[in-house]
Amino acid sequence: MPAKNHGATADYTEKIPNNVNLHEDRRLQRALESWQPNFLNWWQTMGPTLPTQDVYLRTAVNVGRDGWAQFGHVAMPEYRWGIFLAERDPGRKIGFGEHKGEPVWDKVPGEYRAELQRLIVIQGDTEPASVEQQRNLGATAPSLYDLRNLFQVNVEEGRHLWAMVYLLHAYFGREGREEAEELLHRNSGSLDSPRILGAFNEETPDWLSFFMFTYFTDRDGKYQLGTLKESAFDPLSRTCEFMLKEEAHHMMVGTTGVDRVVQRTVEVMREHDTDEVAGLGAIPLPVIQKYLNFHYSVSLDLFGGDTSTNVANYYTAGLKGRWLEDRRKDDHKLTSDSIMVDALTEDAGGEPAIGQTEVLALTGLNTDLRREYISDCQGGVKRWNRILEEGGVRQRLKLPHVAFNRKVGAFAAIEASPDGEQLPAWEWQRRQGEWLPTEVDKTYVRSLMQPVHQRGKIAAWIAPPRNGINGQPFDYDYVHLA
Ligand SMILES: [Fe+2]
Ligand SMILES: [Fe+2]
17 MPAKNHGATA
27 DYTEKIPNNV
37 NLHEDRRLQR
47 ALESWQPNFL
57 NWWQTMGPTL
67 PTQDVYLRTA
77 VNVGRDGWAQ
87 FGHVAMPEYR
97 WGIFLAERDP
107 GRKIGFGEHK
117 GEPVWDKVPG
127 EYRAELQRLI
137 VIQGDTEPAS
147 VEQQRNLGAT
157 APSLYDLRNL
167 FQVNVEEGRH
177 LWAMVYLLHA
187 YFGREGREEA
197 EELLHRNSGS
207 LDSPRILGAF
217 NEETPDWLSF
227 FMFTYFTDRD
237 GKYQLGTLKE
247 SAFDPLSRTC
257 EFMLKEEAHH
267 MMVGTTGVDR
277 VVQRTVEVMR
287 EHDTDEVAGL
297 GAIPLPVIQK
307 YLNFHYSVSL
317 DLFGGDTSTN
327 VANYYTAGLK
337 GRWLEDRRKD
347 DHKLTSDSIM
357 VDALTEDAGG
367 EPAIGQTEVL
377 ALTGLNTDLR
387 REYISDCQGG
397 VKRWNRILEE
407 GGVRQRLKLP
417 HVAFNRKVGA
427 FAAIEASPDG
437 EQLPAWEWQR
447 RQGEWLPTEV
457 DKTYVRSLMQ
467 PVHQRGKIAA
477 WIAPPRNGIN
487 GQPFDYDYVH
497 LA
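Following the working numbering, the numbering of the sequence shown begins with 17 at its first residue and continues without gaps.
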């Protein structure tokens, strides 16, 4: 086993904390230092709107095994976004594609420059987008614990933007610097220059949406980062490996957030012996299901078309691998393999029907990744259903059919119910309110979003967490408001 270098602890007196020896490259350092004020300006204008004195935050300070983060109360203007890459494995070899077995690349090969830049820009665009989508949530936080988690997710998405901007500045020259500027100019929901991917232009208007977003949409991010972590371009791989570490917390916020909403709903249902909890300050299970349906289906779209020759080329070139590539039991080249992917087929009457078709494994890689994601999402549903079962409630939550509410891929052309029953357009129009949040549902959920900013207190629509952050109790002073 090759020895690994231990990343040096970042020097927090530096303008830009990093473990990439930034001080050795004056040009790069200056480029990043000139981008930094633009980033801070973006954070000021597009970041969290709730004024605070300080927040109990985790800050990345290292990447080594003996702890990589420190916790403490930080005044937001003093938060330090750093650049951290996971430790280098000097013996690392390319794990898939036509370059399999060759040493990984420390520089960008000329022939893959445009593709790598594109992959980094698309990933980079999602990071600040989610901060923009969530910027008003602080005003309605159900507890100081939740408020702190929101800030934590936000600062880390900001750091993920830094991570991508570092790669653009360090490896892609003038074009990379221009793309780094564009990442601050595009904004979520903007009519003139929206974010690149659809789900990142949807607002996150309430905390149920936030928990669903961090469960389903951040989880898409986890899978995208997982494929980039396999990349032959080693700096990208190491960057994504470290981002995945932070991402785990975002998943936890989503998973336990929905846990706690379901838990509270069960308690109110039992207390009042009724399913109709809307007037009782809890969120009815059918509304939770509708939010789940929405966030899951828009997140499925983020994986792109069911087949893609671009992605096949990325794989063959070694730019982007599969989820847990090294655990796959095949030749890691896939030149002669095939896969069944979702497709519209024809029914007996020649009408389009929900079905599958066989394609080359390489062109079906989006489907492969989407399926990994779907089975991961089942885990959440299972756990939420366990809460329902233990609470003695007979209803269950479920993931809707893959054809439901899709705007990307084969099923974008048709309408389907959550059970996968194909529907004519008029019936979809008439019935979609049964399956997706209506204005009435959203208004009700928003009406519950009254801030609870007192220490140790929590809103009535959600249960308190089982554990606090970093061993602190729930009633810890996680945030001091301004
Ligand atoms: Fe992120
Ligand atoms: Fe995230």
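We put the beta carbon where it would ideally sit given N, CA and C, even for glycine.
Skipping 5 residues on each side, what residues in its chain have a beta carbon closer than 7 Å to that of residue i?
{"i": "Tyr-312", "result": "Phe-232, Cys-393, Leu-415, Pro-416"}
{"i": "Asp-384", "result": "Arg-338, Ile-355"}
{"i": "Arg-164", "result": "Val-71, Tyr-72, Ile-485, Tyr-494, Val-495"}
{"i": "Gly-562", "result": "With the chain covering 17 to 498 only, the question about residue 562 has no answer from this structure."}
{"i": "Gln-305", "result": "Leu-413"}
{"i": "Ala-196", "result": "Trp-51, Val-181, Leu-184, His-185"}
{"i": "Val-397", "result": "Leu-413, Lys-414, Leu-415"}
{"i": "Glu-341", "result": "Gly-111, Phe-112, Glu-246, His-348"}
{"i": "Arg-386", "result": "Leu-316, Phe-319"}
{"i": "Val-409", "result": "Val-282, Met-285"}
{"i": "Thr-325", "result": "Thr-379"}
Going by C-alpha to C-alpha distance, which of the options sits closest to residue i?
{"i": "Val-269", "options": "Lys-349, Pro-221, Asn-483, Leu-44", "result": "Asn-483"}
{"i": "Val-461", "options": "Thr-290, Pro-93, Asp-222, Val-181", "result": "Asp-222"}
{"i": "Gly-214", "options": "Arg-422, Leu-199, Lys-245, Leu-160", "result": "Arg-422"}
{"i": "Trp-400", "options": "Leu-66, Lys-116, Val-278, Pro-434", "result": "Val-278"}
{"i": "Met-259", "options": "Ala-248, Glu-197, Asp-317, Glu-143", "result": "Glu-143"}
{"i": "Arg-96", "options": "Val-137, Pro-53, Gly-107, Cys-256", "result": "Pro-53"}
{"i": "Thr-332", "options": "Gly-111, Thr-61, Leu-135, Ser-315", "result": "Gly-111"}
{"i": "Gln-60", "options": "Val-293, Ser-315, Val-171", "result": "Val-171"}
{"i": "Tyr-161", "options": "Arg-280, Gly-472, Gly-449, Ala-359", "result": "Gly-472"}
{"i": "Ser-463", "options": "Ala-294, Gly-334, Gly-395, Thr-68", "result": "Ala-294"}
{"i": "Glu-16", "options": "Thr-323, Lys-336, Glu-405", "result": "Nothing can be reported for residue 16, as the shown portion of the chain is limited to 17 through 498."}
{"i": "Pro-480", "options": "Ala-264, Arg-276, Arg-446", "result": "Arg-276"}
{"i": "Pro-489", "options": "His-39, Val-36, Ser-159", "result": "Ser-159"}
{"i": "Tyr-492", "options": "Pro-64, His-89, Met-62", "result": "His-89"}
{"i": "Ala-476", "options": "Thr-272, Gly-297, Pro-93", "result": "Gly-297"}
{"i": "Pro-93", "options": "Ala-359, Arg-446, Trp-58", "result": "Trp-58"}
{"i": "Trp-178", "options": "Asp-291, Leu-207, Gln-139", "result": "Gln-139"}
{"i": "Leu-360", "options": "Glu-131, Val-418, Asp-289, Ser-352", "result": "Val-418"}
{"i": "Asp-122", "options": "Tyr-187, Asn-203, Cys-256, Asp-141", "result": "Tyr-187"}
{"i": "Arg-447", "options": "Thr-459, Lys-458, Ser-433", "result": "Ser-433"}
{"i": "Glu-262", "options": "Phe-100, Val-36, Gly-380, Trp-451", "result": "Phe-100"}
{"i": "Glu-450", "options": "Val-303, Arg-74, Ala-264, Gln-69", "result": "Val-303"}
{"i": "Gln-445", "options": "Asp-435, Glu-431, Lys-458, Gly-436", "result": "Glu-431"}
State the beta-bridge partners of residue i as determined by DSSP.
{"i": "Trp-51", "result": "None, per the DSSP bridge assignment."}
{"i": "Gln-34", "result": "What sits at residue 34 in the sequence shown is Asn, not Gln. Asn-34 pairs with Ile-99."}
{"i": "Glu-362", "result": "Pro-368"}
{"i": "Gln-60", "result": "Paired residue(s): none; Gln-60 is not in a bridge."}
{"i": "His-39", "result": "DSSP output for His-39 lists no bridge partner at all."}
{"i": "Ile-121", "result": "For the sequence presented, residue 121 should be read as Trp rather than Ile. Phe-249, per the DSSP bridge assignment."}
{"i": "Tyr-72", "result": "His-89"}
{"i": "Lys-109", "result": "Pro-119"}
{"i": "Val-357", "result": "Thr-373"}
{"i": "Leu-497", "result": "Thr-68"}
{"i": "Gln-438", "result": "Ala-432"}
Cutting at 6 Å between CB atoms, please list the residues of its own chain near residue i, excluding the five before and the five after it.
{"i": "Thr-220", "result": "Gln-149, Gln-150, Phe-226, Phe-229"}
{"i": "Met-17", "result": "Confidence is the limiting factor: at Met-17 the pLDDT is only 36, short of 50, which leaves the residue's position unreliable, though a coordinate-based value still follows. Taken in chain order, the list of residues that qualify is empty."}
{"i": "Gly-407", "result": "Val-282"}
{"i": "Val-137", "result": "Glu-195"}
{"i": "Arg-175", "result": "Trp-97"}
{"i": "Asn-152", "result": "Thr-65"}
{"i": "Thr-156", "result": "Met-465, Pro-467"}
{"i": "Ala-19", "result": "Low confidence applies to Ala-19: its pLDDT is 37, below 50, so where it sits in the model is not reliable, and the reading given next is rough at best. Nothing listed; no residue qualifies."}
{"i": "Met-62", "result": "Glu-148"}
Rounded to whole angstroms, how far is the Cβ of residue i from the Cβ of residue j, which I believe are closer than 8 Å?
{"i": "Val-495", "j": "Val-71", "result": "5 Å"}
{"i": "Ala-102", "j": "Arg-343", "result": "Between Arg-343 and Ala-102 the Cβ distance is about 19 Å, and since that is not below 8 Å, they are no contact."}
{"i": "Lys-116", "j": "His-348", "result": "6 Å"}
{"i": "Gly-154", "j": "Leu-66", "result": "3 Å"}
{"i": "Val-147", "j": "Glu-118", "result": "Not quite, the Cβ-Cβ distance comes to about 38 Å (not below 8 Å), so this is no contact."}
{"i": "Leu-252", "j": "Leu-244", "result": "6 Å"}
{"i": "Asp-358", "j": "Ala-377", "result": "At roughly 15 Å, the Cβ-Cβ gap does not stay under 8 Å, so Asp-358 and Ala-377 are not in contact."}
{"i": "Leu-335", "j": "Leu-199", "result": "Going by Cβ atoms, the distance from Leu-335 to Leu-199 rounds to 20 Å, so no, they are not a contact pair."}
{"i": "Ile-212", "j": "Asp-141", "result": "5 Å"}
Who are the Cβ neighbours of residue i in its own chain at under 8 Å, not counting the five residues just before and after it?
{"i": "Asp-291", "result": "Met-285, Pro-300, Leu-301, Gln-411"}
{"i": "His-288", "result": "Leu-296"}
{"i": "Met-267", "result": "Thr-230, Tyr-231, Asp-234, Arg-235, Lys-238"}
{"i": "Asn-21", "result": "Summary for Asn-21: the model assigns pLDDT 40, below 50, so the residue's position carries little reliability; its value from the coordinates is reported in the next sentence. Only Glu-103, Arg-104, Pro-106 meet the Cβ criterion."}
{"i": "His-201", "result": "Ser-209"}
{"i": "Thr-272", "result": "Pro-481, Arg-482"}
{"i": "Gln-69", "result": "Ala-91, His-496, Leu-497, Ala-498"}
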